[in-house]
Every structure is written in structure tokens, then in C-alpha cells.
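Remarks on the structure that follows.
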Ligand code: GRF
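Numbering (full-length UniProt numbering), first residue to last: 4 to 205.
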């Protein structure tokens, strides 16, 4: 399966997916890294790894629809079958999301359904939760609300700051995302009637 990773920034999750996909038995190929920000750090990292890259600056388009038409054209051009959102900071229209239904996943830095949206670590600390983490989910039109494929939890410890908590979570993100992509691409997990169906024996 030819996979595109969509980014907007540093691309550390992207790097972990590229690294994992180097394994000979990995059931997917990272065929494209696409950024809506031409200056995204991740683009350089992807190039260094020998992956095709593409920058489509959303600011160059009058509306979301025309931006997404350009996205679609690039995805078609590279014959992409599956999308991983990895720190991609543009909200996608319902139309685009529906078209990629069951074929687009995202990683989010919280234990969903808690803390959808931004500033997840800050909000977790403010609430005094003792367990936090990250989630990989299928993308649905509602933000951060799609069926859950995999989660990893970390403890919140006394003295934690937003930075220390984020650092603990990102380690798990880098482990979880490749694992989840593997499960989807080898058929262990798939979207069925709006829920994630796991293969028997898993
Ligand atoms: C990660 O925390 C991810 O969960 C969130 O955005 C951040 C992206 O970081 N969606 P990176 O660009 O992968 O380093």
C-alpha cells in the first residue's frame, strides 16, 4: 500500500513512520510526504530519507475546497491509497474526509475521547488527571472523534510541566503510530460500519 504522510511542522511522527516502514516485512510503503507549509521542518527530513515530498501552501488558495482539490491531485499523481495525518494542522472538509473514509488515520496527543483539539497536555495537567497518552484513530468529519485503533498511556507525575508531559507522550506516539499503521495495512484492524473491527486472534 502506498501511503502519504501529511504534516505541517517538525515531523517527528513522520520520521518514526518512515523508519518503521524500512523493515522488509512492513506492509506499507511511505510514498509521499505532503505539507501545507512550505517551511515545515519535516519536509527536509523526508527528503534526506529519500521520500518524495510536496508542499501545497493553503494560503495560495481562496478556500478549503480548492486547497483540497490540489491535495487530491498530488495524492492521485503519486498513486496514494492511504493517508496518515501527522501533525497536519488544517481542518479537512467533510467531503474530503468522506472520500478517504477508512483510508485516513490521525495521531492525537491525548487519550481520546478526552481532550479533543489543541493544548491537550496543558488541559490534562489543569484537570489533575494521573494518566494521559496518545491515540491513533480513523478520521471522521468531526474533529478528533473517529473510531479508535490504538492507544498508549503514560503516567502524569508530580512536578510535570507541559513540556515534560509532552516529551513523555511523544515517545509513545513514535512507538504507537507505526504499530497502528501496520495493523491497518496488514488487515489486523479495519473500519467496518463506523467501528474498528480487529482480526480474530489478535
Ligand atoms: C504530535 O503531538 C501529534 O500527536 C499531534 O501533533 C504533534 C506533531 O508532532 N497531532 P510531529 O510533527 O510529529 O513532531
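For each residue, glycine too, the CB sits at the ideal point set by N, CA and C.
What is the DSSP secondary structure of residue i, reduced to helix, strand or coil?
i: residue 186; result: helix
i: residue 96; result: coil
i: residue 143; result: coil
i: residue 200; result: strand
i: residue 111; result: strand
i: residue 6; result: strand
i: residue 193; result: strand
i: residue 181; result: helix
i: residue 169; result: helix
i: residue 28; result: coil
Let me check you understand the geometry: is the CB of residue i closer than 7 Å to at least one non-hydrogen atom of the ligand GRF?
i: residue 111; result: yes
i: residue 178; result: no
i: residue 16; result: yes
i: residue 72; result: no
i: residue 31; result: no
i: residue 152; result: no
Spell out the partners DSSP gives residue i in its beta bridges.
i: residue 164; result: BP columns for residue 164 are empty, so no partner.
i: residue 123; result: Its beta-bridge partners do not exist; DSSP assigns none.
i: residue 154; result: 138
i: residue 56; result: 36
Within the continuous beta strand (DSSP E) that includes residue i, where are the two ends?
i: residue 21; result: No beta strand (DSSP E) holds residue 21; the alpha helix (DSSP H) holding it covers 15-23.
i: residue 85; result: 85-88
i: residue 35; result: 32-38
Could you tell me the boundaries of the alpha helix (DSSP H) in which residue i lies?
i: residue 78; result: 67-80
i: residue 49; result: 44-51
Does any C-beta atom of chain D lie closer than 8 Å to the C-beta of residue i?
i: residue 82; result: No chain D appears in this structure, which consists of one protein chain only.
With three or more C-beta pairs closer than 8 Å as the rule, is the segment 168-176 touching the segment 153-160? Contact between the segment 153-160 and the segment 168-176 is present, because at least three Cβ pairs lie under 8 Å.
Do the segment 121-139 and the segment 66-82 meet, that is, are 3 or more Cβ pairs less than 8 Å apart? No, the segment 121-139 does not touch the segment 66-82.
Below 8 Å, can you find three or more Cβ-Cβ pairs linking the segment 17-24 to the segment 42-55? Segments in contact, yes.
Is the segment 26-45 touching the segment 106-117 in the sense that three or more CB pairs, one from each, lie closer than 8 Å? Taking a cut-off of 8 Å on C-beta distances, the segment 106-117 does not touch the segment 26-45, as fewer than three cross pairs fall below it.
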